[in-house]
Amino acid sequence: MNKKIIGMLHLLPLPGSPNYFGNFNEVIDRAKQDLENLLEGGINTVNIENYGDVPFSNKPAKPITVSAFTKIVSHLESEFDFDFGVQVMRNDAISGLSIAEITGASFIRVNVLTGAVVAEEGIIEGDARSLMDLKKQLNSKVQVFADVLVKHAVPLGNQDLRLTAKATVERNLADGIILTGDITGEEASVEDLKLLKQELNKPILIGSGINKDNVNVFLEHCDGVIVGTSLKKDNQTNNPISVINVKEFVKSITY
Numbered sequence: 034m035n036k037k038i039i040g041m042l043h044l045l046p047l048p049g050s051p052n053y054f055g056n057f058n059e060v061i062d063r064a065k066q067d068l069e070n071l072l073e074g075g076i077n078t079v080n081i082e083n084y085g086d087v088p089f090s091n092k093p094a095k096p097i098t099v100s101a102f103t104k105i106v107s108h109l110e111s112e113f114d115f116d117f118g119v120q121v122m123r124n125d126a127i128s129g130l131s132i133a134e135i136t137g138a139s140f141i142r143v144n145v146l147t148g149a150v151v152a153e154e155g156i157i158e159g160d161a162r163s164l165m166d167l168k169k170q171l172n173s174k175v176q177v178f179a180d181v182l183v184k185h186a187v188p189l190g191n192q193d194l195r196l197t198a199k200a201t202v203e204r205n206l207a208d209g210i211i212l213t214g215d216i217t218g219e220e221a222s223v224e225d226l227k228l229l230k231q232e233l234n235k236p237i238l239i240g241s242g243i244n245k246d247n248v249n250v251f252l253e254h255c256d257g258v259i260v261g262t263s264l265k266k267d268n269q270t271n272n273p274i275s276v277i278n279v280k281e282f283v284k285s286i287t288y
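Rendered as structure tokens:
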């Protein structure tokens, strides 16, 4: 494969979140099993996300969340050979970079790096300067991949995709951008992808709605995909990773 294929590793609810069920070892075990299934199926790069910590907040993650997240990633990193990134929901890029730097992640995903959006969590504001200041202080090589007009949100102010994407990489120093549909599991627009590919000289990833039937349509024009829901048992986002689904997905890729 010449393109980047990134599988989603959705963590169960972490300590401190409303749905945490009190057994941290079970959270770790589920993460290990999902990662093992991704690797066995042929996907060697994953994005680790505290997906179970709903409802998300527009404020920084709690210390217990960051501690638990770091411990899980450290367990995975010590037992498996894989490339990975992290995302601290909903938009805690500072904690994400901190976890990434300590655990050896190669990238982070940031939903709102620039501008502001209205979402379920309220108003979420980007703060590229604080993130890039920390990256400079740490002399960090961790790459920053930022969503443009992120899913599950409506932008405040400028809604022009091209201008927002250019600002994200040129003025706010993202290493690449992520294009999605409006919600988790929904396809991005191929036409939007083609437009951005003409405008930008940075990597573009597709971050939602990818499956074995459409992956090659998108890979023809982008630099990689992030895939989650279609790799899960019964194609349900909250279910465990299905190694059968992963193998079928990987087999379908021609790029």
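Every letter in the sequence shown is one number past the one before it in our numbering, and letter 58, counting from 1, is 91. Think of the CB as a built atom: it goes at the ideal place given N, C-alpha and C, for glycine as much as any other residue. None of the values given here were measured: they were computed from a predicted structure.
Expressed to the nearest angstrom, what Euclidean distance is found between the alpha-carbon atoms of residue i and residue j?
{"i": "Asn56", "j": "Glu112", "result": "20 Å"}
{"i": "Ile76", "j": "Ile105", "result": "19 Å"}
{"i": "Ile156", "j": "Gly257", "result": "29 Å"}
{"i": "Val60", "j": "Asn172", "result": "32 Å"}
{"i": "Asn348", "j": "Asn70", "result": "Only positions 34 to 288 of the chain appear in the structure, and residue 348 is not among them; the question remains open."}
{"i": "Lys280", "j": "Ala221", "result": "23 Å"}
{"i": "Phe282", "j": "Asn124", "result": "29 Å"}
{"i": "Thr78", "j": "Ser139", "result": "10 Å"}
{"i": "Asn249", "j": "Leu196", "result": "27 Å"}
{"i": "Ala186", "j": "Ile39", "result": "23 Å"}
{"i": "Ser241", "j": "Val183", "result": "10 Å"}
{"i": "Gly214", "j": "Lys36", "result": "20 Å"}
{"i": "Glu110", "j": "Ile239", "result": "25 Å"}
{"i": "Pro46", "j": "Asn244", "result": "25 Å"}
{"i": "Val119", "j": "Val99", "result": "11 Å"}
{"i": "Glu219", "j": "Gly85", "result": "19 Å"}
{"i": "Met165", "j": "Leu72", "result": "32 Å"}
{"i": "Lys199", "j": "Lys227", "result": "14 Å"}
{"i": "Glu132", "j": "Ser163", "result": "In the sequence as displayed, the identity of residue 132 is Ile instead of Glu. C-alpha separation (whole angstroms): 16 Å."}
{"i": "Val181", "j": "Ala64", "result": "28 Å"}
{"i": "Leu167", "j": "Thr262", "result": "32 Å"}
Exposed or buried, what is residue i when buried is set at 16 or more other beta-carbons lying within 10 Å of its beta-carbon?
{"i": "Gly137", "result": "exposed"}
{"i": "Asp246", "result": "exposed"}
{"i": "Val177", "result": "buried"}
{"i": "Ile191", "result": "The amino acid at residue 191 is misidentified as Ile; the sequence shows Asn. Per the 10 Å Cβ criterion, exposed."}
{"i": "Ile97", "result": "exposed"}
{"i": "Ile27", "result": "Look at the range of the chain in this structure, 34 to 288, and you will see that residue 27 is not part of it."}
{"i": "Ser285", "result": "exposed"}
{"i": "Val151", "result": "exposed"}
{"i": "Asn52", "result": "exposed"}
{"i": "Lys169", "result": "exposed"}
{"i": "Asn278", "result": "buried"}
Please state if the CB of residue j and the CB of residue i are separated by a distance shorter than 9 Å.
{"i": "Val121", "j": "Ala179", "result": "no"}
{"i": "Ser128", "j": "Val87", "result": "no"}
{"i": "Thr287", "j": "Leu264", "result": "no"}
{"i": "Phe102", "j": "Asn83", "result": "yes"}
{"i": "Phe115", "j": "Asn80", "result": "no"}
{"i": "Ile210", "j": "Leu189", "result": "no"}
{"i": "Asn205", "j": "Ala161", "result": "yes"}
{"i": "Gly31", "j": "Val276", "result": "Since the displayed the chain opens at 34 and closes at 288, residue 31 lies outside it and no answer follows."}
{"i": "His108", "j": "Thr270", "result": "no"}
{"i": "Leu212", "j": "Asp193", "result": "no"}
{"i": "Thr217", "j": "Leu146", "result": "no"}
If distances are taken between C-alpha atoms only, which option among the options comes closest to residue i?
{"i": "Met41", "options": "Val99, Ile141 and Ile237", "result": "Ile141"}
{"i": "Ala126", "options": "Glu220, Asp215 and Val175", "result": "Val175"}
{"i": "Lys266", "options": "Val60, Asp67 and Asp225", "result": "Asp67"}
{"i": "Ala94", "options": "Glu110, Leu130 and Val151", "result": "Leu130"}
{"i": "Pro273", "options": "Asp62, Ser90, Glu158 and Pro96", "result": "Asp62"}
{"i": "Glu203", "options": "Lys37, Glu232, Ser285 and Asp225", "result": "Glu232"}
{"i": "Glu154", "options": "Val181, Leu146 and Lys92", "result": "Lys92"}
{"i": "Ala207", "options": "Glu219, Asn234 and Gly218", "result": "Asn234"}
{"i": "Ile237", "options": "Ser90, Asn35 and His254", "result": "His254"}
{"i": "Ser90", "options": "Ala133, Lys227, Glu158 and Ile132", "result": "Glu158"}
So what does residue i bridge to, in DSSP terms?
{"i": "Glu158", "result": "Ala149"}
{"i": "Gln176", "result": "Phe140"}
{"i": "Ile211", "result": "Asp180 and Leu238"}
{"i": "Met41", "result": "Asn80"}
{"i": "Thr99", "result": "Note that residue 99 is Val in the sequence shown, not Thr. DSSP, once it has assigned bridges, lists no residue as partnering Val99."}
{"i": "Ile274", "result": "Lys265"}
{"i": "Gly118", "result": "Asn80 and Phe140"}
{"i": "Val260", "result": "Gly40"}
{"i": "Leu189", "result": "Ala149"}
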